[in-house]
Amino acid sequence: MMKTAAFISSALVLIAQQPAAIQGVLTDSSGAAIPGVAVSLSGAGIQKTVQTAFDGSYSFPGLSFPGFTTGDYTLKVDYAGLEEFEERVTAQAGRTLQVPIQLRSRVSTKAVTVTGDRGPELSLDPSGIT
Numbered sequence: 001m002m003k004t005a006a007f008i009s010s011a012l013v014l015i016a017q018q019p020a021a022i023q024g025v026l027t028d029s030s031g032a033a034i035p036g037v038a039v040s041l042s043g044a045g046i047q048k049t050v051q052t053a054f055d056g057s058y059s060f061p062g063l064s065f066p067g068f069t070t071g072d073y074t075l076k077v078d079y080a081g082l083e084e085f086e087e088r089v090t091a092q093a094g095r096t097l098q099v100p101i102q103l104r105s106r107v108s109t110k111a112v113t114v115t116g117d118r119g120p121e122l123s124l125d126p127s128g129i130t
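So, in structure tokens, the structure goes:
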């Protein structure tokens, strides 16, 4: 029984020492990849930002959380013209977490009202010129 407990304990320590990864692909609402966008990851004592590749892919490899088998993070993306993305995720030691991100267009609901007085009438009739 003691050998089994020691083995399980050793296995948990080895798993906790293996890094985790979070990766995915950033697309718009049509499914088209969005390259060159900053994707931020924060939590578990870190703050990292990467740029999406030409195919919209991003990756945060080598995440470690000594003494623990999981780590909680927040993924964020903010790109002009598209809705902001923010999601809490949990990474597990020794595993790669796939997090696809799809951004939708920002909908503008601003209304513009134009008011004013009618100005003087302009006549282009040359007969009225003296």
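Numbered according to my numbering, the sequence shown spans residues 1 to 130. Backbone N, C-alpha and C define an ideal beta-carbon position, used for all residues, glycine too. Keep in mind that this is a model prediction, so the values were computed, not measured.
The continuous stretches of beta strand (DSSP E) do not include S30, and DSSP gives it neither H nor E.
DSSP lists no beta-bridge partner residue for Q18. Cα atoms of T96 and A111: separation of roughly 45 Å, rounded to the nearest angstrom. Rounded to the nearest whole angstrom, the C-alpha separation of L26 and A33 is 6 Å. Less than 8 Å separates the beta-carbon of E86 from that of K76. For the stretch 76-110, the continuous beta strand (DSSP E) assignments of 3+ residues that do not extend past its boundaries occur at 85-92, 96-98, 101-103, in sequence order. Contact between Y79 and V37 holds, with the beta-carbon distance rounding to 5 Å and staying under 8 Å. CA-to-CA, the gap between T70 and T113 works out to about 53 Å. Ranked by how close their Cα comes to the Cα of V107, the residues P126, G81, D117 have G81 in first place. Under DSSP, the beta-bridge partners assigned to L41 are K48, L75.
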